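Step one of this worksheet: look at the structure below.
In full-length UniProt numbering, the protein residues as written are 1 to 182.
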């Protein structure tokens, strides 16, 4: 499959490269940014290893998370990253995640990225269902998901031991027909 490349009005979602390293480590080393994420803070070497390892992956392999750069078209700078995983048992189901740099939040970039990815998954790839798992305390992400039209399907109470404590999560999802009818 060709490398993933999604354009929105202000952003490009594309493969991460080592040219992104400096911008990537700025926010991936910030504990506030990693607070609700499944990863922890990274130093420059960890970030370099992550990008190098991720470069070997491509969209479409069942069960594998692939991380992509979110680039600001105007500045050419990395403002965050996102990940897409097709379900291990049914590649018509996808899961996505987004991280936006603390320097670029509250500008609508997360929503724009989500809408671009959803359009790609539902309209081009013909995915049936997109799932989002979100920390129950991550109110900004919950608000974003609801604003796009995701529906809460589950509330898992203290289901994950996460960064030294038990955490709770919500599961949100959207079906292709809900995307088409929104």
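Glycine included, every Cβ here is placed at the ideal spot set by N, Cα and C.
Since we're looking at a predicted model, the values are computed, not measured.
Give me, in chain order, the residues of the same chain whose beta-carbon lies closer than 6 Å to that of residue i; leave out the 5 immediate sequence neighbours on both sides.
| i | result |
| --- | --- |
| residue 117 | 96 |
| residue 87 | 93 |
Would residue i and residue j be called neighbours here (beta carbons separated by less than 8 Å)?
| i | j | result |
| --- | --- | --- |
| residue 85 | residue 60 | no |
| residue 69 | residue 56 | no |
| residue 67 | residue 16 | yes |
| residue 158 | residue 172 | no |
| residue 14 | residue 72 | no |
| residue 138 | residue 27 | no |
Name, in chain order, the residues that DSSP records as bridge partners for residue i.
| i | result |
| --- | --- |
| residue 72 | 11 |
| residue 117 | According to DSSP, which records beta bridges pairwise, residue 117 is partnered with nothing at all. |
What is the DSSP secondary structure of residue i, reduced to helix, strand or coil?
| i | result |
| --- | --- |
| residue 5 | coil |
| residue 158 | strand |
| residue 99 | strand |
| residue 18 | helix |
| residue 26 | helix |
| residue 172 | strand |
| residue 165 | strand |
| residue 144 | helix |
Excluding five sequence neighbours on each side, which residues of the same chain lie with their C-beta closer than 8 Å to the C-beta of residue i?
| i | result |
| --- | --- |
| residue 1 | Any reading at residue 1 is ruled out, since the residue's pLDDT is 49, under 50, leaving its predicted position unreliable. |
| residue 48 | 18, 21 |
| residue 40 | 34, 163 |
Below 7 Å CB to CB, which residues in the same chain sit around residue i once its five sequence neighbours on both sides are set aside?
| i | result |
| --- | --- |
| residue 134 | 141, 142, 145, 169, 170, 172 |
Taking 8 Å as the threshold, find out whether the region 152-172 comes into contact with the region 115-129 through three or more Cβ pairs. no
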